[in-house]
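Here the structure comes first, spelled out in structure tokens, and everything after it is commentary.
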Amino acid sequence: MRPERLRSFSKTPTSLANRILALQFLWALIVYVLFIAALWFATNIVILNNVRHQGEAWISRLDELGIPVYASNDKSQLADAIAYARNIPEILSVKYLNATGSKLIASYVRKDAHLSTFPDLDEDALAVLSRTDIPRREILFDKGSNYQMRISAPIWIKSVANDGMIDFSMKQKKGEKIESIGLINIVIDYSQISNELNRNLFYASLLIALLMMVAAHIGRRMIRWALRPLSDLEEPLTRLANGETDVTVRSSGDKEIAKIGMALNTTISALKERDETLLRMANQDNLTGLANRKFFVEQLEKEIGRIAGNRGSSALFFFDLDRFKYINDTYGHAAGDRLLIQIAKLLNQRARGKDLAARFGGDEFTLLAYNTDAKGAQELAEDYIKLMREFVFYEAGEMLKIHFSIGISMVDDGALNSHDYLKEADSAVHEAKSAGRNGYRMAVRDADSQNASNHGWHQRLQEVLDQKLAIPYFQALSNLKQQDVSISEIYMRIPDQEHGVLSASAFMPAAERFGMMSELDRQIITKAATVLAEQNDPKQILSLNLSEQFIMADGTPEFLRDITKANGISPGQFIFELPEHQVMRNIDRMQQVIPILSAMGFRFAIDDFGAGFGSFNYIKQLPVHFLKISNSLIERINEDGIDQISVRAIIDIATDLKMHTIAKFVSNESSMAILKDLGVDFVQGNFIKTASPSLKA
Amino acid sequence: MHRLFKYSIVMMVIPGCATPPADHAQKLSAPAIQQNMAVETPRPARNLPHVEILVSENLPAYTDVARELEKVLGQRASVQTLGDNALKNQGMVYSLKSAENIQIISIGLDASIAASKLSSKQLVFCQVFNYRDYDLVSPMHKGISILPSPYQVFRTWRHLSPGISDIGVITGPGFEDEIRLASQAARQFQITLHHETVKSDKEYQFAFKKLGKKVQGYWLLPDNRVLSAASLHEVMNYSIYNSKPTAVFSNELLKLGGLFSINSDPVEVAKLVNLRLEQAQEKDSIPGPELIYADKVKLKINSVMVKNLGLKLPVHLRKFANAP
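Put into structure tokens, the structure is as follows:
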């Protein structure tokens, strides 16, 4: 997790200050380019306008100077005009034409001038130029290549009205006559003006760029200064991003930054609390508050590592409650839970300060007593035995004596691993159990004969997993309502040299201890799916118990989906049985997984329904399809009227909720008849059919 | 010459006589003309003709003359002013064709052009500069010059600018005789008149500036054919910038920098018109030269320009000076 966090954090390319600076620079660059473009555009317009104005002035003057050529054919009359034009380097040529523009009267072309080619004035242009009914003569401008422009204008002469002189007034031009006697056009070259202005523009743009760079530099320093409080947050936030929660953010200074700092500190506190809670949840058993199996094994490995380096010894205690199943079945799971809680308190009561007590699974507890030798371990075990002898469990008004057996393995060899020590302690506790209740046994590491006879559950189960040796046994259910389906329950068996096969009760506690139940369930489900595929009968349904570890494991829904898909069977051909106490312990996970699987088509049955008080509550919370009535209500149903009433009530509820009911452990004809009368859908038991390795046997 | 000078000064305030353009050598002498005018008294009229006065426009320079003529002629005269409607004007002239025992006076160019169609009627035109382009002169049609007596003009020049020796004058074509007469008058005051003939206002400007190298002053004549408001503005500006004193034909031009304006006196013009009509009574044509000049003038001097040009205003001319 940490490297991922670091990686994601290191992806941040630049700081906020740099981004603002980059945007500022980009903005300034855009403004600069636009400004220079606008300046260039405006300058060119100004140049053109100035050239036009200047050209108008020049053409007016040349108009006046050239007028004599219209009064005579003497070309020398153009001398004044030529002298004038020669003194103005921009003027490349001057032409005097007749009024229609068809005849050249006189002209001047500057020596070595390279004139652009201008088209002749067209009819429209001539018509415009020949107009005299307007207050001001029209002047036409033609832009050529190489910064050249042709300016054309009519030559007007005016005269005062016949009777206009006697009382002449400058204000009244009434009756003034205008006549166009010719055309004049000049070609001017404004490249020098343009080049000059463009050069100045270039220098101006350089100056502006320099000023903008200075401004950007100052702006950069100002932004950095302004954003410094924000930059100061970077270091604590980096540490926070790296997973550290022991971080404090400065919450003083600017109002906005202070608020951010306070908010971050609040968030960090909440994260701290959440981490602690998660850690606690990850390492603790929810029911008893003791360490859970995972955490215990981790600590055991740590201790082994410490001992490997420093020598010394610690003791691993394995506690197994002797009458827990009886309490559970008789007084309900709630009572069983209460017992477990009291046992946990008992363990903690005697444990020394650093000793680690854990609920290892079901009714099994472990204790790691640090820095103790065999003698100290024995003393501690005797103390626990004494405590248990004095311990009385009160339930339903009864005083119940509870016993447990203790197996002890001395952790004093760094070459062994946690599994080895747990296996030793497990063997020792079974030995203690075999010797009678409320006793303890120290594991004897060189007792090869004993280990060999037991062959070690761990090794055996590992072989089962590795070689896929789990065997499904099928027990068909009797269909009391003649429904068009066939249901069989699968029981898991493993091979045994002595007995042929071993039932689940023999190996399941060990499998649960060693965390192998999930894999065993997967193996048996895979085999069941294969059987269903071979049967190719959609009405054939198999039900089986799912272990707590299978439900809790990641990827369970995906596994079930894949296995049904791979075998071409319907998820509806599976009914998964969940014991009521298992549901109760893991209700959160159940509520998460079961709806997903149900949506996929798998069906669920609550096993041992009616054994506890919470049963009715669970069927409201989970999508359940079958209720498997607790055997405690079935065993004596032909004798006990209350059991009959209870079963009827369960059947009524199931009917209302459109669920099916299954009664197990049916042991005789009369019980079956009663159950049929009560409306049970399916019954099962050895009386009806025993389990066999073949589905159709 | 001295005597002549003295007489001319007197003539500025009393009615003078006209000088015909032809036979200038003999008729240029003002006293001689005056004498001629004085001895040639009209015969008593048995049945005095009706006089129709046609006026181009309602301009003071025209109406002042018409009013003087009405005073002189009394009930014999009637005045008609031409309007903008050309057809109506033609109708008005046509109605005069059949009139018997009638003499015509036309004041202004348009009225004179219109009246020129009445070739069988005795006509005296006045306040017209360009009479040659329209062939206004014939044995039955004679005129009074719009120009003031050249003698009076150059005498004023000499008094205002004693050092002046060359003066430029520009006209359209057809005024060689008048210019020759004016040159003679100028010579009497040791002034050389430089004349340029142009065809347009642009040429006028060009010639004006070109003359600037030769002359110390200009005399602007009211030739509407070659003058425009713009060219007048331009040449007046030129004359100011180049400190060239300019005699102008309109008081309006004094505002543009003219040194003095000099025009015929309307009263004098009216008297000369009446005189020519009386001389023509019971004759087949109008006797005398094509054009006669009024000796009595209206003078106005721009005191600002006098000062700007560094001139000294003689005492006897101060009454004519004011700032425009």
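Going down the list, the protein sequences come from chains A and B.
Start counting the first sequence at 601; every next residue gets the next number (this note's numbering).
Start counting the second sequence at 162; every next residue gets the next number (this note's numbering).
The beta carbon of each residue, even a glycine, is placed where N, CA and C say it ideally should be.
Asked                                                                                                                                                                                 : Found
Any idea what DSSP makes of Val-1044 of chain A, helix, strand or coil?                                                                                                               : coil
Could you round the C-beta distance between Ile-1090 of chain A and Leu-1144 of chain A to whole angstroms and report it? I think they count as a contact, below 8 Å.                 : 4 Å
Are the region 936-943 of chain A and the region 1021-1041 of chain A in contact at 8 Å, needing three or more beta carbon pairs?                                                     : no
Hey, is Asn-762 of chain A's beta-carbon within less than 9 Å of any beta-carbon in chain B?                                                                                          : yes
Looking at the structure shown, is Gly-269 of chain B part of a helix, part of a strand, or coil, going by DSSP?                                                                      : coil
Quick check: the region 385-398 of chain B against the region 748-764 of chain A, are at least 3 beta-carbon pairs closer than 8 Å?                                                   : yes
Does Phe-290 of chain B come within less than 9 Å of chain A when only Cβ atoms are used?                                                                                             : yes
Using a cut-off of 7 Å between C-beta atoms, extract the partners of Lys-360 of chain B located in chain A.                                                                           : Ala-671
For the region 324-356 of chain B, list every residue whose C-beta sits within 8 Å of some C-beta in chain A, in sequence order.                                                      : none
Would you please state the rounded distance, in angstroms, between the beta carbons of Val-285 of chain B and Arg-437 of chain B? I believe it to be under 8 Å.                       : 5 Å
Entirely within the region 1229-1292 of chain A and at least 4 residues each: give me those alpha helix (DSSP H) ranges in chain order.                                               : 1231-1234, 1241-1256 and 1269-1278
Enumerate in chain order the residues of its own chain whose CB-to-CB distance from Ser-1009 of chain A is below 7 Å, with the five nearest sequence positions on each side excluded. : Leu-916, Tyr-1021, Glu-1024, Ala-1025, Ala-1028 and Ala-1043
Report the residue from B:Gly-304, B:Lys-374, B:Asp-384 and B:Gly-235 whose alpha carbon sits nearest the alpha carbon of Ser-326 of chain B.                                         : B:Lys-374
Looking at Ile-1262 of chain A: is its Cβ nearer than 9 Å to the Cβ of Val-1283 of chain A?                                                                                           : yes
Helix, strand or coil for Glu-873 of chain A? Go by DSSP, reduced to three states.                                                                                                    : helix
Counting along the chain, where does the beta strand (DSSP E) carrying Met-301 of chain B start and finish?                                                                           : Element bounds for Met-301 of chain B: n/a, residue is neither H nor E.
Can you check DSSP and say which residues form a bridge with Met-999 of chain A?                                                                                                      : A:Tyr-994
Measure from the C-beta of Lys-743 of chain A to each C-beta in chain B and report whether the shortest distance is under 9 Å.                                                        : no
Would you call Asn-1268 of chain A buried or exposed, if buried means 16 or more other Cβ atoms sit within 10 Å of its Cβ?                                                            : exposed
For Arg-1113 of chain A, which residues from the same chain have a beta carbon less than 6 Å from its beta carbon, with the 5 sequence-adjacent residues on both sides left out?      : Gly-961
Can you grab the Cα-Cα spacing for the pair Leu-189 of chain B / Leu-342 of chain B, in whole Å?                                                                                      : For Leu-189 of chain B, the predicted structure reports a pLDDT of 33, less than 50, and the residue's modelled location is therefore unreliable. The matter cannot be settled from this model.
Using the Cα positions of Ser-831 of chain A and Phe-895 of chain A, report the straight-line distance between them to the nearest angstrom.                                          : 40 Å
Considering Met-749 of chain A, what are the terminal residues of the beta strand (DSSP E) in which it resides?                                                                       : 748-759
Of all the alpha helix (DSSP H) runs that stay within the bounds of the region 1092-1146 of chain A, which reach a length of 4 or more residues?                                      : 1104-1113 and 1117-1135
Give me the subset of the region 269-286 of chain B whose CB atoms are less than 7 Å from a CB atom of chain A, sorted by chain position.                                             : Gly-269, Leu-270 and Asp-271
Residues of chain A with CB closer than 9 Å to the CB of Glu-364 of chain B, please, in chain order.                                                                                  : Ile-667, Pro-668, Tyr-670, Ala-671 and Ile-757
Check Met-988 of chain A in the structure and name its three-state DSSP category.                                                                                                     : helix
Along the region 218-241 of chain B, what residues have a CB closer than 9 Å to any CB found in chain A?                                                                              : Glu-218, Leu-220, Pro-221, Ala-222 and Tyr-223
Give the DSSP-derived three-state secondary structure of His-714 of chain A in the structure shown.                                                                                   : coil
Any idea which residues DSSP pairs Met-1010 of chain A with across the strands?                                                                                                       : A:Ala-915
In whole angstroms, give me the CA-to-CA distance for Gln-1192 of chain A and Val-1224 of chain A.                                                                                    : 14 Å
Buried or exposed: where does Lys-363 of chain B fall if 16 or more other Cβ atoms within 10 Å of its Cβ makes it buried?                                                             : buried
Identify the contact partners of Phe-768 of chain A in chain B, using a Cβ-Cβ distance below 8 Å as the criterion.                                                                    : Pro-383, Leu-393, Phe-410, Ser-411, Glu-413 and Leu-414
Alpha carbon to alpha carbon, how far is Ala-977 of chain A from Ser-1292 of chain A? Give it in angstroms, no decimals.                                                              : 47 Å
Can you check whether the C-beta of Leu-388 of chain B is within less than 9 Å of a C-beta belonging to chain A?                                                                      : yes
Can you give me the start and stop residues for the alpha helix (DSSP H) that Ala-815 of chain A sits inside?                                                                         : 791-826
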